[in-house]
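Remarks on the structure that follows.
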Amino acid sequence: MNSFKALVADKTDEGTEMSVKNLNIEDLSGGDVLIDVHYSSVNYKDGMVAAEGQIAENFPIIPGIDLAGEVIESTDDKFKKGDSVIATSYKIGTGISGGFSEIARIPAEYVVPLPDGLTLKESMELGTAGFTAGISISKLEQAGVTPDNGEVLVAGASGGAGSLSISMLAALGYDVVASTGSMDEKDYLTSLGAKKVIHRDDVVNDDKKPVHKPQYQAAIDPVGGKTTEYIIKTLKPEGALATFGLVGGIQVHTTVLPFIGRGIQWLGVDSVFYPMEQRIKVWDRLAKDLKPEILNKDVVNEVSLEELPQVIHDIIDGKVRGRTIVNLKNS
Numbered sequence: 001m002n003s004f005k006a007l008v009a010d011k012t013d014e015g016t017e018m019s020v021k022n023l024n025i026e027d028l029s030g031g032d033v034l035i036d037v038h039y040s041s042v043n044y045k046d047g048m049v050a051a052e053g054q055i056a057e058n059f060p061i062i063p064g065i066d067l068a069g070e071v072i073e074s075t076d077d078k079f080k081k082g083d084s085v086i087a088t089s090y091k092i093g094t095g096i097s098g099g100f101s102e103i104a105r106i107p108a109e110y111v112v113p114l115p116d117g118l119t120l121k122e123s124m125e126l127g128t129a130g131f132t133a134g135i136s137i138s139k140l141e142q143a144g145v146t147p148d149n150g151e152v153l154v155a156g157a158s159g160g161a162g163s164l165s166i167s168m169l170a171a172l173g174y175d176v177v178a179s180t181g182s183m184d185e186k187d188y189l190t191s192l193g194a195k196k197v198i199h200r201d202d203v204v205n206d207d208k209k210p211v212h213k214p215q216y217q218a219a220i221d222p223v224g225g226k227t228t229e230y231i232i233k234t235l236k237p238e239g240a241l242a243t244f245g246l247v248g249g250i251q252v253h254t255t256v257l258p259f260i261g262r263g264i265q266w267l268g269v270d271s272v273f274y275p276m277e278q279r280i281k282v283w284d285r286l287a288k289d290l291k292p293e294i295l296n297k298d299v300v301n302e303v304s305l306e307e308l309p310q311v312i313h314d315i316i317d318g319k320v321r322g323r324t325i326v327n328l329k330n331s
């Protein structure tokens with residue numbers, strides 16, 4: 001198939017515009033592996049590119065930092081025609097053509113074989129959000145966090161990474177406290193496995209005390225800013241925090257006291273350039289013990305390529321909960 005459809009984002013005098021266009025293979029950026037894309041997924045980062053015209057290295061561009069499909073052809077002998085594969089993060093959808101396209105061409109070093117236990121659709125129901133949650137939980141475990149040592153806070157709980165983190169942690173036996181900006185989401189978050197749901201205003205730092213009463217043994221933080229400040233102050237001795245978000249701001253004001261007085265660990269999570277060897281291990285866990293029970297349920301919304309522009313605007317406006325996947329076979 002030489003001609004195919006893709007969503008293209010471009011800058012205009014008024015901002016950005018998105019349109020579904022018919023393209024040819026030659027319109028794609030370079031790469032070793034040509035992929036027939038079955039599914040992609042929508043992430044906040046895609047909104048930053050396509051709705052806000054940010055972070056992409058060049059425009060016009062095909063956004064979409066995630067994709068899953070079957071290999072059409074490969075110049076790298078690690079992959080052959082018909083292989084089921086996943087490609088997420090790196091420069092996909094920000095520096096090279098991304099996953100919002102029926103056909104993608106991706107460097108071989110970005111491509112992961114689909115692990116046994118996951119379908120192509122399930123891999124995108126997880127996508128970068130699930131992959132990031134998986135890295136976070138793995139790092140917390142390596143830091144000594146265990147299910148029998150107290151509550152784990154998940155901030156930004158209604159978002160993709162937050163909701164998947166809740167489901168994964170609950171399945172592993174953790175007592176999860178979920179914080180959200182809308183208490184209307186309480187039943188939804190409880191259905192994912194949260195034992196307690198609190199308002200996000202309850203986990204925002206609002207004073208200058210260096211520490212607060214210890215509450216949580218660990219936390220997953222997709223928010224940043226004052227939420228991160230609060231979590232650092234309220235972790236138990238030897239507690240750990242996994243941080244990967246910045247929607248609440250990039251500035252964090254703290255002191256050394258929680259670190260030297262309680263021995264807490266602040267773990268940065270970078271899913272973009274996560275090393276391939278560890279990347280494959282996390283995807284294998286996502287197909288096994290970290291595979292959320294919520295896949296294929298109402299936490300996942302499926303859209304076509306034509307419906308995608310509105311969803312991208314909605315994710316920037318905070319109107320999307322859970323995960324949204326794009327069915328490239330329904331465009």
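Using full-length UniProt numbering, you'd call the opening residue of the sequence shown number 1 and step up by one each time. Cβ atoms here follow ideal geometry from the backbone N, Cα and C, with glycine treated the same way.
Let me check you understand the geometry: is the CB of residue 59 closer than 7 Å to at least one non-hydrogen atom of the ligand MN?
Looking for the ligand MN in the displayed structure turns up nothing, as the structure carries no ligands at all.
Helix, strand or coil: how does DSSP classify residue 200 here?
helix
Drop a sphere of 10 angstroms on the beta-carbon of residue 139, count the other beta-carbons inside from all chains shown, and report buried for 16 or more, exposed for fewer.
buried
Could you say which of 218, 153 and 167 lies nearest to residue 178 if we only look at CA atoms?
153
Compute the distance between the beta-carbons of residue 287 and residue 264, then report whether it is under 8 Å.
no
Express the C-alpha separation of residue 330 and residue 16 in angstroms, rounding to a whole number.
25 Å
Completely contained alpha helix (DSSP H) runs for the segment 113-158, where each covers 4 or more residues
120-142
Closest by C-alpha distance to residue 172, when choosing among 145, 56, 322 and 127:
145
Nearest residue (CA-CA) to residue 91, options 271, 316 and 302:
271
Burial state of residue 73 (16 or more Cβ within 10 Å):
exposed
Distance check for residue 262 and residue 149, CA to CA, integer angstroms please.
15 Å
Using a 10 Å radius around the Cβ and a threshold of 16 neighbouring Cβ atoms, would you call residue 103 buried or exposed?
buried
Between which two residues does the alpha helix (DSSP H) harbouring residue 246 extend?
Where residue 246 is concerned, there is no enclosing alpha helix (DSSP H), given that its DSSP letter is neither H nor E.
Can you have a look at residue 217 and say buried or exposed, based on whether 16 or more other CB atoms are within 10 angstroms of its CB?
buried
Endpoints, the beta strand (DSSP E) within which residue 188 is located:
No beta strand (DSSP E) holds residue 188; the alpha helix (DSSP H) holding it covers 186-192.
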